[in-house]
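Note sheet for the following structure.
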Amino acid sequence: MSRLLLSHNSIQLLKYMPIKNGSRQVHHSCKILVVGGGTAGCSMAAKLSRKLNTPEQVIVVEPSDVHYYQPLFTLVGGGISPYASSRRFMKDVLPKKAKWLKTSVVEFQPDVNKVSTHNGDTIQYDIMIVALGLQLYWDKIPGLTDSIYDPDAQVCSIYGTDTVPQVFKKIKNTERGTALFTFPNTPVKCPGAPQKIVYIAEDYYRKRKLRSGIEIVYNTSLPVIFGVKKYADSLWDVCKRRDITVNLQTNLVKIDPSKKQATFEKLGSPGETLTQDYSFLHVTPPMGPPTVLKEHPALTNEAGFVSVDPKTLQHTKYSNIFGIGDCTSTPNSKTMAAIAAQGKVLYQNILDDLAGKPMTMAYDGYASCPLITCYNKCILAEFDYNLQPKETFPVNQSKEFYSMFLLKKYVFPFIYWRLMLKGYWNGPEFIRKFTKFLKKD
1 MSRLLLSHNS IQLLKYMPIK NGSRQVHHSC KILVVGGGTA GCSMAAKLSR
51 KLNTPEQVIV VEPSDVHYYQ PLFTLVGGGI SPYASSRRFM KDVLPKKAKW
101 LKTSVVEFQP DVNKVSTHNG DTIQYDIMIV ALGLQLYWDK IPGLTDSIYD
151 PDAQVCSIYG TDTVPQVFKK IKNTERGTAL FTFPNTPVKC PGAPQKIVYI
201 AEDYYRKRKL RSGIEIVYNT SLPVIFGVKK YADSLWDVCK RRDITVNLQT
251 NLVKIDPSKK QATFEKLGSP GETLTQDYSF LHVTPPMGPP TVLKEHPALT
301 NEAGFVSVDP KTLQHTKYSN IFGIGDCTST PNSKTMAAIA AQGKVLYQNI
351 LDDLAGKPMT MAYDGYASCP LITCYNKCIL AEFDYNLQPK ETFPVNQSKE
401 FYSMFLLKKY VFPFIYWRLM LKGYWNGPEF IRKFTKFLKK D
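This is the structure in structure tokens:
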């Protein structure tokens, strides 16, 4: 097993080691450089390459062969959706009018509008969009790397592209004992996902008549179950009704897979720890800015996130640099819905900037989180920077609805693949213009 793990970790390291050989370096230039081909990068490249409509004026730097619809990972982990439905080849989702460089950026030189890539090339740009997402830091929790890739260990996570296929198998392997679920003391992709998998697993055990023999425990580092009170109140009701134990300010710091024990620090009581036995452990790993950003402090805040104006998404120091998505300093919930709303603002602001006009559009922090609570119900949370609800439909969205579950399972994936990645989806704001007339005061 140690050889397999060493091989896996070595491969991960090789991805970020610069190539040093005699191959000829290539110097590229473009009007707009998009660093990252995930949700944010792909959708922005599609919008801008279609607008500019000039060959190779938009360059996308992305090393991966596969693009993942990560919001589906919760359903994959719960056995609701197949893993294959969350994947597409990168070549099939990146816009044809943009030039794709299958490599990664290893050096930013913002003072001279240039970046260097893993394969030794350089790219000169007029405008750069940084859309690198979040990086998973499995190694920050001792014992996690050893167990998360061990098919025989009852430790899993919906957050890794290579770990999510094992989650449902390990849920099914648990018939008694304690099922532990965690939320780290870091920013995370989709803050609702760590508890969605709790509710799905609990519902699975209940349907299989195993629930009486399994204790369900959700340990979160946060001081609240959810950041928006309206939805938090509903989630507390769900947990109470279904006998789910929730421990706040409880952060995973160590795993002992040989003893099947997890150790947590009590954030509200410095120095105090809690060790719990588990039969099943779902870990949301620590996350943070990609290493390459942390190596370039001129671009970032102290935490390593790209420092941008929270409304315009323009860099706070370099006026021709913009950021979007999870890698930025904007204090919104890091979700796909947030990227859609940011994309509309960023697109117009870049066009205004190119035309020499003042930027007029502002992002209000809109984010959405479809909180799956069982195999057929969902609470659709929508809110802004001020953590105030910003709902689309003429119903009380803090309640569980089957219709919202159908949106999550069928409609949102369709929107993602057919509209968002092609640059046509800016969120449901236009729907709210019509549904507001149906809402009761």
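Residue numbers for the sequence shown, in UniProt numbering: 1 to 441.
Ideal Cβ positions, reconstructed from N, Cα and C, are used throughout, including at glycine.
In this structure, how does DSSP classify residue i when only helix, strand and coil are distinguished?
i: TRP100; result: strand
i: CYS239; result: helix
i: CYS30; result: strand
i: GLU391; result: coil
i: TYR68; result: strand
i: PHE108; result: strand
i: ALA303; result: coil
i: GLU265; result: strand
i: LYS230; result: helix
i: CYS190; result: coil
i: PHE437; result: coil
i: LEU407; result: helix
i: THR182; result: strand
i: LEU419; result: helix
i: VAL35; result: strand
i: GLU429; result: helix
i: ALA84; result: helix
Using 7 Å as the cut-off, classify the Cβ of residue i as near or not near the heavy atoms of the ligand NAP, replying yes or no.
i: VAL198; result: As for the ligand NAP, it is missing from this structure, which has no ligand bound.
Name the two residues that bound the continuous beta strand (DSSP E) containing residue i.
i: VAL93; result: From DSSP, VAL93 is part of no beta strand (DSSP E) but of the alpha helix (DSSP H) over 90-93.
i: MET128; result: 122-130
i: TYR370; result: According to the sequence as given, residue 370 is Pro; it is not Tyr. PRO370 -> beta strand (DSSP E) spans 367-372.
i: TYR218; result: 214-220
i: ASP256; result: 250-256
i: PRO277; result: Position check: residue 277 holds Asp in this sequence, whereas Pro was assumed. 273-277 is the extent of the beta strand (DSSP E) around ASP277.
i: SER157; result: Premise fails: SER157 is in no beta strand (DSSP E) and is neither H nor E.
i: VAL292; result: Note, VAL292: premise wrong, no beta strand (DSSP E); alpha helix (DSSP H) at 291-294.
i: GLY323; result: 321-323
i: THR316; result: No beta strand (DSSP E) contains THR316, which DSSP labels as neither H nor E.
i: VAL60; result: 58-61
i: LYS140; result: Taken as a continuous stretch (DSSP letters only), LYS140 belongs to no beta strand (DSSP E), as it is neither H nor E.
Looking at the secondary structure, which residues open and close the alpha helix (DSSP H) in which residue i lies?
i: ALA40; result: 39-52
i: PHE168; result: 167-172
i: LEU354; result: 336-354
i: ILE200; result: 193-207
i: THR145; result: 144-148
i: VAL283; result: That residue, VAL283, is in no alpha helix (DSSP H); it is neither H nor E in DSSP.
i: PHE401; result: From DSSP, PHE401 is part of no alpha helix (DSSP H); its letter is neither H nor E.
i: THR245; result: Taken as a continuous stretch (DSSP letters only), THR245 belongs to no alpha helix (DSSP H), being part of the beta strand (DSSP E) at 245-247.
i: LEU75; result: 73-77
When the Cα atoms are used, what is the spatial distance from residue i to residue j?
i: ASN426; j: GLN342; result: 8 Å
i: ARG208; j: LYS172; result: 10 Å
i: LEU75; j: LYS409; result: 8 Å
i: GLY192; j: LEU248; result: 15 Å
i: ASN21; j: GLU62; result: Residue confidence is low: ASN21 scores 43 on pLDDT, short of 50, so the model does not pin down where it sits. Its coordinate-derived value is still stated next. One C-alpha to the other measures close to 21 Å.
i: VAL93; j: MET128; result: 20 Å
i: PRO413; j: PRO270; result: 43 Å
i: PRO428; j: TYR347; result: 17 Å
i: TYR424; j: SER212; result: 47 Å
i: ARG432; j: LYS47; result: 23 Å
i: SER86; j: SER147; result: 24 Å
i: ALA381; j: GLU400; result: 11 Å
i: PRO223; j: ASP162; result: 30 Å
i: GLY78; j: THR373; result: 11 Å
i: GLN109; j: PHE73; result: 35 Å
i: VAL60; j: ILE214; result: 47 Å
i: TYR416; j: GLU272; result: 44 Å
i: GLN397; j: PHE383; result: 11 Å
i: residue 445; j: SER81; result: A question about residue 445 goes unanswered here, because the residues of the chain that appear run from 1 up to 441.
Do the CB positions of residue i and residue j come within less than 8 Å of each other?
i: TYR205; j: VAL238; result: no
i: ASP83; j: PRO142; result: First, the amino acid is wrong: residue 83 is Tyr here, not Asp. No. Outside cutoff.
i: PHE264; j: PRO289; result: no
i: VAL308; j: THR328; result: yes
i: ALA340; j: MET420; result: yes
i: ASN185; j: LEU267; result: yes
i: ILE32; j: GLN70; result: no
i: GLU302; j: ARG242; result: no
i: THR335; j: ALA362; result: no
i: PRO286; j: SER157; result: no
i: TYR218; j: GLN195; result: yes
i: VAL35; j: LEU101; result: no
i: ILE350; j: VAL130; result: no
i: LEU406; j: PRO370; result: no
i: GLN25; j: ASP121; result: yes
i: LYS114; j: ASN53; result: no
Compare the C-beta of residue i against all C-beta atoms of chain C and say whether one is closer than 8 Å.
i: LEU75; result: The displayed structure is made up of one protein chain only, and chain C is not part of it.
_Can you confirm whether the region 168-184 touches the region 273-293 when touching is taken to mean that 3 or more C-beta pairs between the two stretches lie within less than 8 Å?_
yes
*Do three or more CB pairs link the region 373-391 to the region 38-47 at distances below 8 Å?*
no
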